[in-house]
Ligand SMILES: [Zn+2]
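Residue numbers (the working numbering): 2 to 185.
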């Protein structure tokens with residue numbers, strides 16, 4: 002329940018501002034007369050962040066757009082990972098893997114999934130993962146060296162690695178919240 006149904010931002014992550022900054026989105030907008038009957042229907046109510054809720058607002062594709070496949074990808078009906086890939090350089094969502102190109106493009110555009118705030122969040126998550134992996138690599142190497150520490154050359158390498166471990170660990174701790182967000 003703690004993540005935005007659209008952008009995946011966790012309410013405990015930095016920039017999210019906790020649950021007070023989250024809303025309930027009417028997937029099929031309640032302002033549209035044809036969806037009025039779904040106003041209080043649970044399956045039409047999605048937990049989402051303010052950014053996505055405000056961006057999506059009362060938008061819904063016209064019948065002409067729908068005929069061309071422009072529609073919102075429904076996060077309860079499809080797995081977003083089948084339609085969006087995070088570009089590891091730009092941290093923008095790449096829709097080239099989607100089998101529903103127009104729907105994927107429409108969703109990214111209208112919900113604002115490639116807005117600066119969403120890109121920043123993806124970038125920080127990637128940084129957190131990278132910091133964590135750095136730590137694991139260094140610890141593994143230290144561990145292997147420690148197993149044969151009788152060798153003076155290896156002992157010297159251990160001494161070289163120790164400050165690096167401390168530095169990487171400090172960086173990892175600082176970014177820990179991106180790996181294990183706490184609900185506020
Ligand atoms: Zn969102």
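Just so you know, even glycine gets a beta-carbon here, dropped at the ideal spot from N, CA and C. It should be emphasised that the depicted structure is a prediction, and the values quoted were computed from it without experimental measurement.
- At least one heavy atom of ligand 1 lies closer than 7 Å to the C-beta of residue 50.
- Of the residues 7, 79, 144, 13, the one whose Cα lies closest to the Cα of residue 180 is 13.
- In this structure, the beta-carbon distance from residue 88 to residue 80 does not fall below 8 Å.
- Taking the Cβ atoms as the reference, residue 50 lies roughly 6 Å from residue 8, within the contact range of under 8 Å.
- One alpha carbon belongs to residue 123, the other to residue 92, and they sit about 6 Å apart.
- Its chain contains 73, 74 as the residues whose beta carbon lies nearer than 6 Å to that of residue 108, once the 5 sequence neighbours on both sides are disregarded; these appear in chain order.
- When the Cα atoms are used, residue 40 and residue 27 turn out to be separated by approximately 7 Å.
- For residue 182 against residue 20, the beta-carbon gap comes to about 12 Å, at or over 8 Å, which does not count as contact.
- Shortest Cα-Cα distance from residue 43 to any of 52, 25, 54 involves 25.
- No Cβ-Cβ contact shorter than 8 Å links residue 130 with residue 162.
- Inside the segment 78 to 145, DSSP marks whole alpha helix (DSSP H) runs of 4 or more residues at positions 102 to 112, from first to last along the chain.
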